[in-house]
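K.L.:
Submitted below is the structure of interest, expressed as C-alpha cells.
2 protein chains.
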Amino acid sequence: MKKKTEDYRSKCPLSIALELIGDKWSLVIVRDLCMGKSKYGDFQSSPEGIPTNILASRLRELEENGIVTKEPYQDKPTRYAYFLTEKGADLLPVLQQLVVWTQKYVLDCLTPPESFFQVTPQDLLRKR
Amino acid sequence: MKKKTEDYRSKCPLSIALELIGDKWSLVIVRDLCMGKSKYGDFQSSPEGIPTNILASRLRELEENGIVTKEPYQDKPTRYAYFLTEKGADLLPVLQQLVVWTQKYVLDCLTPPESFFQVTPQDLLRKR
DNA sequence: TAATGTCACTTGCAATAAGCAAGTGATTCT
DNA sequence: AGAATCACTTGCTTATTGCAAGTGACATTA
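So the sequence lines, in the order shown, correspond to chains A and B.
First residue of the first sequence? That's 199 in the numbering used here, and the numbers climb one at a time after it.
First residue of the second sequence? That's 199 in the numbering used here, and the numbers climb one at a time after it.
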C-alpha cells in the first residue's frame, strides 16, 4: 500500500484516485461487491469475464489499498470472502456518477436497478 | 468511436464507462480541460508529466469518443486547441466525487480551489 | 542568411501489464 | 479410486506504457 504522498506522480487528488483505481477492472470488482458478491467465483462469473490472474492481483491491490478486506468463510482449505471497507464503500458515489454519465450518453446500455441509486455507502458495510 | 453496444465487454453502464475513460490518464486531461487548459503544451506541463505519445493518443481517443473537440487556433502551421464537449463536461460530477473520495482518505493530497466544487458542467462549455 | 528555438506532434524501442490456457492443491462428491 | 469444485498460480504471448529521440512547419535571433 502506498503510504507516502511522494510516491504519487502528483499530489492532485484526482490523479491519486486514478493511480489507485484508474484501470478497467478495479471498479468492476467494487461494483460486484456493492451488489453483494463476495467470493472469488462470484467475481469471475460476471459478464465482463475478468481473467483469473487479473482478478487475483486486483483483489490483492484493493486489499493493500484498504478498499477491500477479506475474511475466511471456511476452513480446510481456508477460503476468503471479500468485503468493502468504509473506504471502499465510499466509492459508491463515484460509481453512481459514472453510471449516470453512461446512461446519458451510451445508447442501449443496461439500466441498473432503481435501488442502485438509492443505496448509500453505509448500506454497503456488512453489519458485524 | 465505438458505436455498437456489442463492441463492449458487457452492457453494464459502469463497465462501459471504464472502457471509455478507465485508465490513468484520460481524466487527468479532462481535469486540465476543466481548468481552462486547451493546448497540447498546457497538458504536457501538468505536474503528472504525461508522456507525449500517450497524450497524443489519448486526445485522439477522447475526440473519437466525443468527449473533446478540437478547433484550429492558428494557421501555418495549423494548430488545434481542445475543448470539452457536453459529453465531456458532464464528466465533472465524476471528477468531483473522485476528489471528494481522495480528500477523505488520502492524507496530504492537495485541496482543489473552492470553485472546483461549485462549477457545473454548463460552466465548462465554451460560449460560442 | 544562417542558425537557433518553439510547438505539436511521430517514431522506435525497451519495459511493464494484460490476457489466455493450463496447471496445482486441498477437499468433497460419486 | 476417480472425478469434480474452488481459489488460485504459472507460463507464455500479445498489447500497452513510457522514455528518448526525431520531425516538420514556421518564428525569432545573431
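All residues carry an ideal CB built from backbone N, CA and C; glycine is no exception.
Using a Cβ-Cβ cutoff of less than 6 Å, which residues in the same chain neighbour Leu253(B) once the five nearest sequence positions on both sides are dropped?
P.N.:
Answer for Leu253(B): Phe241, listed in chain order.
K.L.:
Taking the alpha helix (DSSP H) that Val266(A) falls in, what are its first and last residues?
P.N.:
From DSSP, Val266(A) is part of no alpha helix (DSSP H) but of the beta strand (DSSP E) over Val266 to Gln272.
K.L.:
Kindly say whether Ala279(B), judged by its beta-carbon, lies nearer than 8 Å to any beta-carbon of chain A.
P.N.:
No, Ala279(B) does not count as interfacial toward chain A.
K.L.:
Can you tell me whether DSSP reads Leu296(A) as helix, strand or coil?
P.N.:
Note: Leu296(A) maps to helix in three-state DSSP.
K.L.:
Give, in chain order, every unbroken run of the alpha helix (DSSP H) that is at least 4 residues long and sits entirely within the stretch 213-265 of chain B.
P.N.:
The qualifying runs are 224-232, 238-242 and 250-262.
K.L.:
Out of Lys209(B), Val317(B) and Gly239(B), state which residue places its alpha-carbon closest to the alpha-carbon of Leu289(B).
P.N.:
Residue Val317(B) is the option with its Cα nearest to Leu289(B).
K.L.:
Ordered along the chain, which non-local residues of its own chain (more than five positions away) have a Cβ less than 6 Å from that of Lys285(B)?
P.N.:
Once the five neighbours on either side are set aside, the close Cβ partners of Lys285(B) are Gly264 and Ile265.
K.L.:
Less than 7 Å between C-beta atoms, sequence neighbours within five positions excluded: which residues of the same chain meet that for Thr250(B)?
P.N.:
Gln242, listed in sequence order.
K.L.:
Mapping DSSP to helix, strand and coil, what is Tyr278(A)?
P.N.:
DSSP places Tyr278(A) in strand when its eight states are reduced to three.
K.L.:
Quick one: what does DSSP say Leu308(A) is sitting in, helix, strand or coil?
P.N.:
Leu308(A) falls in the coil class under three-state DSSP.
K.L.:
What are the residues in the stretch 230-252 of chain B lying within 8 Å of chain A by C-beta distance?
P.N.:
Residues passing the 8 Å Cβ filter: Ser244, Pro245, Glu246 and Gly247.
K.L.:
Enumerate in chain order the residues of its own chain whose CB-to-CB distance from Glu246(A) is below 7 Å, with the five nearest sequence positions on each side excluded.
P.N.:
Cβ neighbours of Glu246(A) beyond the five flanking positions: Val226.
K.L.:
Quick one: grab the DSSP three-state call for Leu290(B).
P.N.:
Of the three classes helix, strand and coil, the one that applies to Leu290(B) here is helix, per DSSP.
K.L.:
Please report the distance separating the alpha-carbon of Leu293(A) from that of Leu308(B).
P.N.:
So the two alpha carbons sit approximately 23 Å from each other.
K.L.:
I'd like to check one pair, Pro211(A) with Val228(B): are the Cβ atoms closer than 8 Å?
P.N.:
No, the pair does not count as a contact, with Cβ atoms beyond the cut-off.
K.L.:
Less than 8 Å between the beta carbons of Ile214(A) and Thr300(B), yes or no?
P.N.:
Cβ distance < 8 Å, so Ile214(A) and Thr300(B) count as in contact.
K.L.:
Let me make sure I understand the geometry here. Which of Trp223(A), Leu216(A) and Asp230(A) has the alpha-carbon closest to that of Ser224(B)?
P.N.:
Here the closest residue by C-alpha is Leu216(A).
K.L.:
Does any residue of chain B have a CB that is nearer than 8 Å to the CB of Ser208(A)?
P.N.:
Yes, contact with chain B.
K.L.:
Tell me which residues of the stretch 259-288 of chain A have at least one Cβ-Cβ distance to chain B shorter than 7 Å, keeping chain order.
P.N.:
Those residues of the stretch 259-288 of chain A that come within reach of chain B (Cβ to Cβ, closer than 7 Å) are Lys285 and Asp288.
K.L.:
Since Tyr271(A) contacts Leu231(A) with CB under 8 Å, what's their CB separation in whole angstroms?
P.N.:
The pair is not a contact, with the Cβ atoms about 14 Å apart (cut-off 8 Å).
K.L.:
Whole angstroms is fine: what's the gap from Thr283(B)'s alpha carbon to Gln320(A)'s?
P.N.:
Looking at the two C-alpha atoms, the distance is approximately 35 Å.
K.L.:
Measure the alpha-carbon distance for Lys302(B) versus Arg324(B) and round it to whole angstroms.
P.N.:
If I take the Cα positions, the gap works out to 32 Å.
K.L.:
Rounded to a whole number of angstroms, what is the C-alpha to C-alpha distance between Met233(A) and Pro310(A)?
P.N.:
Their Cα atoms are separated by approximately 11 Å.
K.L.:
Ends of the alpha helix (DSSP H) at Leu322(B)?
P.N.:
Note, Leu322(B): alpha helix (DSSP H), Pro319 to Leu322.
K.L.:
Give the C-beta separation of Asp221(A) and Asp221(B) to the nearest angstrom, bearing in mind that I take them to be a contact with Cβ-Cβ under 8 Å.
P.N.:
Correct: roughly 7 Å between the Cβ atoms.
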